[in-house]
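Taking it in order: structure first as structure tokens, then the write-up.
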Amino acid sequence: MTAFPAEDQIPEELRPLLSERALTGETIVLNMGPQHPSTHGVLRLILELDGERIINCIPDIGFLHTGIEKNMEAKTYEKALVMTDRTDYLNNLGNNLTYCLAIEKLVELDVPPRAQAIRVIMVELQRIASHLVWLGTHALDLAAQSVFLYCFREREVILDLFELCSGARMMTSYIRPGGVWRDLPEEFEPALKAFSKDLPRRLDQYEAILTKNPLWLDRTVGISPIDAETALAQGLTGPLLRAAGVPFDLRRTQPYSGYDQYDFDIPTADSGDVYDRYIVRMQEMRQSLRIIDQAMEDLPGGLFRSDNRKFVPPPRSELGHSMEAVIHHFKLWTEGFRAPHGSVFVATESPRGVLGCYLVGDGGPYPYRVHFRTPSFAALQALPLLAKGCLIADLVAIISSLDPVLGDTDR
Amino acid sequence: MGILEQATELVTREMGDDVLDVTTFRGETTISLKPMAISMAVKLLRDDPDLNFNFLAMLTAVDYFPQEPRFLVAYQLYSLSNNVYLGLQVPVSGKGPELPTIESVYPNANWHEREVWDMFGISFVGHTDPRRILMPHDWEGHPLRKDYPLGYEEVQFSFNFDEIDKRKPYAKE
Amino acid sequence: MQVEYLPIAVLVLVSTLMAFAIVGLGHLIGPKRASARKLEPYESGMRPIGPGRRQVQVHFYLVAVLFILFDIEIVFLLPWAVSLRKLGLFGIIEMAVFVVILLVGYVYAWRRGALEWD
Amino acid sequence: MGLEGKSASAGAITLPLEKAVNWARTGAMWPMLFGLACCAIEMMSAQAADYDMSRFGMELMRGSPRQSDLMIVAGRVSRKMAPVLRRLYDQMPEPKWVVSMGDCASCSGVFNNYALVQGVDEVVPVDVYVAGCPPRPEALIHGILRLHEKVRQEPLTDWI
Chain A
154 MTAFPAEDQI
164 PEELRPLLSE
174 RALTGETIVL
184 NMGPQHPSTH
194 GVLRLILELD
204 GERIINCIPD
214 IGFLHTGIEK
224 NMEAKTYEKA
234 LVMTDRTDYL
244 NNLGNNLTYC
254 LAIEKLVELD
264 VPPRAQAIRV
274 IMVELQRIAS
284 HLVWLGTHAL
294 DLAAQSVFLY
304 CFREREVILD
314 LFELCSGARM
324 MTSYIRPGGV
334 WRDLPEEFEP
344 ALKAFSKDLP
354 RRLDQYEAIL
364 TKNPLWLDRT
374 VGISPIDAET
384 ALAQGLTGPL
394 LRAAGVPFDL
404 RRTQPYSGYD
414 QYDFDIPTAD
424 SGDVYDRYIV
434 RMQEMRQSLR
444 IIDQAMEDLP
454 GGLFRSDNRK
464 FVPPPRSELG
474 HSMEAVIHHF
484 KLWTEGFRAP
494 HGSVFVATES
504 PRGVLGCYLV
514 GDGGPYPYRV
524 HFRTPSFAAL
534 QALPLLAKGC
544 LIADLVAIIS
554 SLDPVLGDTD
564 R
Chain B
12 MGILEQATEL
22 VTREMGDDVL
32 DVTTFRGETT
42 ISLKPMAISM
52 AVKLLRDDPD
62 LNFNFLAMLT
72 AVDYFPQEPR
82 FLVAYQLYSL
92 SNNVYLGLQV
102 PVSGKGPELP
112 TIESVYPNAN
122 WHEREVWDMF
132 GISFVGHTDP
142 RRILMPHDWE
152 GHPLRKDYPL
162 GYEEVQFSFN
172 FDEIDKRKPY
182 AKE
Chain C
63 MQVEYLPIAV
73 LVLVSTLMAF
83 AIVGLGHLIG
93 PKRASARKLE
103 PYESGMRPIG
113 PGRRQVQVHF
123 YLVAVLFILF
133 DIEIVFLLPW
143 AVSLRKLGLF
153 GIIEMAVFVV
163 ILLVGYVYAW
173 RRGALEWD
Chain D
3 MGLEGKSASA
13 GAITLPLEKA
23 VNWARTGAMW
33 PMLFGLACCA
43 IEMMSAQAAD
53 YDMSRFGMEL
63 MRGSPRQSDL
73 MIVAGRVSRK
83 MAPVLRRLYD
93 QMPEPKWVVS
103 MGDCASCSGV
113 FNNYALVQGV
123 DEVVPVDVYV
133 AGCPPRPEAL
143 IHGILRLHEK
153 VRQEPLTDWI
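Residue numbers (this note's numbering), protein chains in the order written: chain A, 154 to 564; chain B, 12 to 184; chain C, 63 to 180; chain D, 3 to 162.
Shown next as structure tokens:
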């Protein structure tokens, strides 16, 4: 056996996790490290390889740990909203929504119906944009270069819609406690109608390229199948669980923000392998489009943000002629509103799975503790189970089929 | 809601004095237990056929620094068939915080417990891989504790730019 | 007949000169700042685990040999394809025999499972 | 009139070696695939069809530092990532530049806490800072064009 030079020995803490063949040098221990084209961000995998076959795969996360939960404890409820945009940077509005729902549940603030409908439209648009980035990078990893360019062309249209109503492309912070930041501009409706009329044709183009493409099928069918029980035991949710056949979607089981008014169906598949996750996500984009169309048709009028001045700062126009507005404005923007003692757990359906926000209030204006239960964290935890025994080329397909976002994992 | 009452009644009947109290806040039922009873309670709730809490939605901790039972480890269980959430809370003392692991019941608790160890310093007895998960492995201290400083760096404005610039460790070539 | 080969000779000469010029100039004029950290093997940004040179599975060698085999076959196809009209029927039969021989080798390798990974 | 004048009238344009080399360097400056966080998504949009960073020679995002000349630090650099970033910077061949994309890379932006390196210039020397959170694709391309201007003025002395 080749002797290992001293300093390149396997690090101490990894030894118990690897098989003894690694220590004798028979299998290769390799870093598929933080800077790698197919790890979708800064994920490091310590692979123990027997030739191309993976014996052991140990994920090592934390390379994008930003201490967001600690930082949010130092900001008021409204100002901490800015942090939620940056945890899962492909699902900014979904994070905002989860955090705002938690605040509204904690302080019992009700949201006017128009704001709920706008929130549903924006979150579903964000879901389509996130699935487009997933499809683009998933196809790019499996060598379908053109699909990447198509998907980002569609995504630019959605980003223009976000920019139209919130001024920013990605970090919109458009959903605020009590409703949304501004009302939808008039140009939004025609632009959205044009987009929602045009997207199904594009999706058919992608499906024409990929769904029956023998290269695509060889790389994705039968790779890392997972059944419903082990998926649930591993904490997999969202498209990963639905691909295994469990129609568990929080928008249907625990409707929030007015989701029960719209009818859409939950796409599921049966064997839970990479191909089924692809099919489920492609169907989900179409269902999101259906929701957007229904929400856009009967968009209720009225307030776009609750007028409960204890928690929601008054619009600038009111400041001119009402003393209470000035007082509320001053109080809310300097000190922020106070939340009662107690803890609240709210979960919504993010494009990757169940996104939960555990909010603890201590009577003061600062959130005492905010914890995000993120779906990518559970997805990457299941990676060793999914990746055991397959080839490196399959590992690339599995990672991108889990659609991990490392900001979501490391917070 | 029959399921939640059924669950709390089952846990109180089985665990007896280990159950500290049952609270409902904003429509969420939370049972707080003694530290050593958590793995038994969780096994009960999952294996009971009609309760069937088969999904561990969340596992995290909260640091109430000055108060004595300093940490509070919070669990959220979800039953897919009954579509209902149940919260569990375990107060843990500040000196030598320790808790039995529930990894045998819910495999996905592995990383959650590693994160709670990394961020709060609460060690889980019987955990298969008690390493740090988010911070570098040679990091001292547990960042999410209330007595851990935020690590705030003074912001450079024009008036204090120069003296901060001298102290800032710029990378040479 | 030799005149025919002059352009090819010029082509070969110019291409080798170009190749050596590009590499040579880069080597001669380019700045060389080798530091220990730069020469460390690249392993996606982390310290490499284990030595660079290691026993590799024999299957890689097998796949490589098979590739070379069928690659050479294609190289022979090229000049044949260019002068097919002149060779006529004789050329087709000749190449068919050549391809069939290699096909037998391919089927044998396939049946023995050389293409399957483990 | 100097050499240029005479040879110009003879129809030959002379160019100091420095300008020629610097111009050649800005032609195809391949960035390293080093997307960390949200700015990486905007970098992908800048690379994709709508904004097409390849018009300025950034055709390929090379995976390994050995084949890249430019390191775009796109995203927040955590304390755990800093040694990796430094090692990758060291492993890049010599004419190399660093663009720090976004507020998080330039001064750790919104996150002023224990987990992030407060500005990537503590780890690697930065040539161009691109502001924005995340900067728009046009802003990134503008930053890279400013880098090209800077490369054109680089003196020859420290090169040989």
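Glycine residues also receive a C-beta, built at the ideal position from the N, C-alpha and C atoms.
Neighbours of residue 324(A) across chain D, judged by C-beta separation under 8 Å: 40, 135 and 136. Think of a sphere of 7 Å around the beta carbon of residue 288(A): no beta carbon from chain B falls inside it, the nearest being about 26 Å out. In this structure residue 410(A) does not touch residue 280(A) by the C-beta definition: roughly 13 Å separates them, more than the 8 Å allowed. One finds 183, 184 and 186 in chain A with Cβ atoms closer than 8 Å to the Cβ of residue 105(C), taken in chain order. Taken through DSSP and simplified to helix, strand or coil, residue 416(A) comes out as coil. Residue 192(A) carries a coil assignment under DSSP once its states are collapsed to helix, strand and coil. As summarised for the stretch 67 to 111 of chain D, the continuous alpha helix (DSSP H) elements at least 4 residues long and confined to that stretch are 84 to 92 and 105 to 109, given in chain order. Taking 9 Å as the cut-off between beta carbons, the residues of the stretch 218 to 232 of chain A near chain D are 218, 219, 220, 221, 223, 224 and 227, in sequence order. Look at residue 102(B): its C-beta is not under 7 Å from any C-beta on chain D. Going by DSSP, residue 167(B) is part of no alpha helix (DSSP H) at all; its letter is neither H nor E. Contacts with chain C at 7 Å (Cβ-Cβ) do not include residue 419(A).
For the pair residue 284(A) and residue 51(D), the Cα-to-Cα distance works out to about 18 Å. At a beta-carbon threshold of 9 Å, the residues of chain A lying near residue 50(D) are 289, 301, 302, 304, 305, 306, 308 and 309, ordered along the chain. Among the residues facing chain A, residue 15(B) is not included, as its CB has no counterpart in that chain under 7 Å away. According to the DSSP assignment, residue 150(D) belongs to the alpha helix (DSSP H) that extends over 139 to 154.
Within the stretch 275 to 357 of chain A, complete beta strand (DSSP E) segments of at least 3 residues are not found at all. Excluding residues up to 5 positions away in sequence, 142 lie with their Cβ nearer than 8 Å to the Cβ of residue 148(B) in the same chain. Shown in chain order are the members of the stretch 91 to 115 of chain D whose Cβ falls below 7 Å from a Cβ of chain A: 112, 113 and 115. At a cut-off of 7 Å between beta carbons, residue 80(D) contacts chain A. Neighbours of residue 108(C) across chain D, judged by C-beta separation under 7 Å: 86.
The beta carbon of residue 546(A) sits closer than 8 Å to those of 205 and 372, all from its chain and outside the five residues before and after it, given in chain order. The stretch 205 to 217 of chain A makes contact with the stretch 168 to 175 of chain A: 3 or more CB pairs, one atom from each, lie closer than 8 Å. Under the Cβ criterion (8 Å, minimum of three pairs), the stretch 330 to 344 of chain A counts as touching the stretch 451 to 467 of chain A. Residues of the same chain with a CB within less than 7 Å of the CB of residue 159(B), apart from the 5 flanking positions on each side, are 152 and 153 in chain order. Residue 41(B) sits in a strand when the DSSP states are folded into three classes. Three or more Cβ pairs drawn from the stretch 374 to 381 of chain A and the stretch 420 to 437 of chain A lie within less than 8 Å of each other, which places the two stretches in contact. Taken through DSSP and simplified to helix, strand or coil, residue 440(A) comes out as helix.
Secondary structure in the stretch 434 to 507 of chain A: the beta strand (DSSP E) runs of 3 residues or longer, each lying completely within the stretch, are 494 to 503 in chain order.
Nearest Cα to residue 213(A) within the set 236(A), 167(A) and 235(A): 167(A). Its chain contains 333, 337 and 457 as the residues whose beta carbon lies nearer than 7 Å to that of residue 271(A), once the 5 sequence neighbours on both sides are disregarded; these appear in chain order. Judged by DSSP in its simplified three-state form, residue 133(B) adopts coil rather than helix or strand.
For residue 510(A), the three-state secondary structure derived from DSSP is strand. Residue state for residue 71(B) is assigned as strand, using DSSP reduced to three classes.
In chain order, 111 and 112 make up the part of chain C whose C-beta sits under 9 Å from the C-beta of residue 163(A). Residue 311(A) and residue 245(A) have their C-alpha atoms spaced approximately 13 Å apart. Residue-level contact by beta carbon fails for residue 72(B) and chain D, as no gap is shorter than 7 Å.
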